[in-house]
Each structure stands twice: as C-alpha cells, then as structure tokens.
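Numbering follows my numbering, in which position 168 of the sequence shown is assigned residue number 312; successive positions increment by one, without gaps. We put the beta carbon where it would ideally sit given N, CA and C, even for glycine. Just so it is clear, the structure is predicted and the values come from calculations on it, not from any experiment.
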Amino acid sequence: MEARDDRNRAAATNAATATASSSLSAAYPVAAIIEGERKGLNWGSGGGWNDATPNACPDRARIDFSGHQWFDQVSVYTVQDNYPNPVEPTDQTTFDQYGITNFDMQVWNGVNWVTVVRSSTNPSRVHGEPHDHFDGNSHSPWRQCCCYCCQPQRLPPTKYCPSASTSKGRWKR
Numbered sequence: 145m146e147a148r149d150d151r152n153r154a155a156a157t158n159a160a161t162a163t164a165s166s167s168l169s170a171a172y173p174v175a176a177i178i179e180g181e182r183k184g185l186n187w188g189s190g191g192g193w194n195d196a197t198p199n200a201c202p203d204r205a206r207i208d209f210s211g212h213q214w215f216d217q218v219s220v221y222t223v224q225d226n227y228p229n230p231v232e233p234t235d236q237t238t239f240d241q242y243g244i245t246n247f248d249m250q251v252w253n254g255v256n257w258v259t260v261v262r263s264s265t266n267p268s269r270v271h272g273e274p275h276d277h278f279d280g281n282s283h284s285p286w287r288q289c290c291c292y293c294c295q296p297q298r299l300p301p302t303k304y305c306p307s308a309s310t311s312k313g314r315w316k317r
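This is how it looks when you write it as structure tokens:
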C-alpha cells in the first residue's frame, strides 16, 4: 500500500509500522504491505501479507504513521494470479483468482475510525460520511484513489470479501 504526496508516507523507511487482524505465518508478514515492492515478489517467502482466517471477513491491516502525514494519493496492491512470476502492475493488469476486490479505507480522526474511501465493488454503504472510491477495474492488482487529502496518524484498510478464500494483500499506501 502507498500513501503518497512527494514520497510514500506509508513506507517502513519513513517510520510507518503495520499490524493485522491475523497473519497466516511468518512467510506472509503484514510488514510486507509497507516495504515498497509492488509486484508481490517472493510470495510465500515474506513478499506479501496473507490473513489466517480463510472464508472469514472482515480482515484488517493497519498502518501507523510516525505522526500526522498529508497525502493525496492512495494505492492498494494485491497478489497477482501468476504470483510466482509477477509483473509490474498497471491499470491494465487483471486477476481472476486471488486478489482482493472489496475493501474500505479508514482514517483515525482522534476519536473514531471514519471510512473515507470505499472500493467501488464493496456492496455495503457508508451512512452520513463523505467518501470516494478507488479507480480502476475491481479485478486489477493495482487500485488507486487520487482525490483524497488527509492528515491521519493511523490508516487501516478493511478487506471485506476476497475473490479467493483468504486476504492476500500487497497493500501499499
């Protein structure tokens, strides 16, 4: 997952940290969501996060920033079908098997988690909250929102239902 303005504010190199509701094993660490690799290289060997609760939703991955951060673009990357030989994802790259399709982006407002961005395929609705949606094909391993600017200290995307049985995330912010 990436949260960008002039640099990726959600990168571990910028002192961000990641936690998750669960992780399948040490081979699928949640820390992989902030290490900056977009393709999903080394899937199953530290190259991406996978939850430990098959067929159970929601799953959560959370990024804590080193203080408040401004950004105006959020990108979410998910695993590709040919994960042993991934390619740099573009807006034309698609998946049919493993990627995540339904998710929310929330920010901590100091009191509550507030949904600010919703994937366009998420069937649930946000009541009383302004929100935008992620651009692109819902079956693309790269989903992007370029129209939101915020100053959160924490950012947890909530994955609702994957196209496969577990969350296989390359979440970059």
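For the beta strand (DSSP E) that contains residue i, what are its first and last residues?
| i | result |
| --- | --- |
| T161 | T161 to A164 |
| Q217 | Q217 to T222 |
| R182 | Counting along the chain, R182 falls outside any beta strand (DSSP E), and DSSP gives it neither H nor E. |
| A205 | D203 to D208 |
Can you tell me whether DSSP reads residue i as helix, strand or coil?
| i | result |
| --- | --- |
| T234 | coil |
| N256 | coil |
| N158 | helix |
| A176 | helix |
| A170 | coil |
| R262 | strand |
| D92 | Given a span of 145 to 317 for the chain in the structure shown, any question on residue 92 remains unanswerable. |
| V226 | In the sequence under discussion, the amino acid at residue 226 is Asn, which differs from the Val named in the question. Coil at N226, not helix or strand. |
| N152 | strand |
| N199 | coil |
| W193 | strand |
| W214 | coil |
| E146 | strand |
Closest to residue i by C-alpha separation, out of the options, would be which residue?
| i | options | result |
| --- | --- | --- |
| I207 | T157, N246 and T238 | T157 |
| S167 | F247, N194, A154 and P228 | N194 |
| A196 | H212, S165, V220 and T161 | S165 |
| R262 | M249, G191, I178 and Q241 | M249 |
| G243 | G254, P230 and W252 | P230 |
| W286 | F247, T222 and A176 | T222 |
| A171 | I177, S189, Q224 and E146 | S189 |
(message) For the structure I just gave you, are there three or more beta carbon pairs, one from the stretch 201-209 and one from the stretch 179-186, closer than 8 Å?
(response) No: the two stretches stay apart, fewer than three of their Cβ pairs being nearer than 8 Å.
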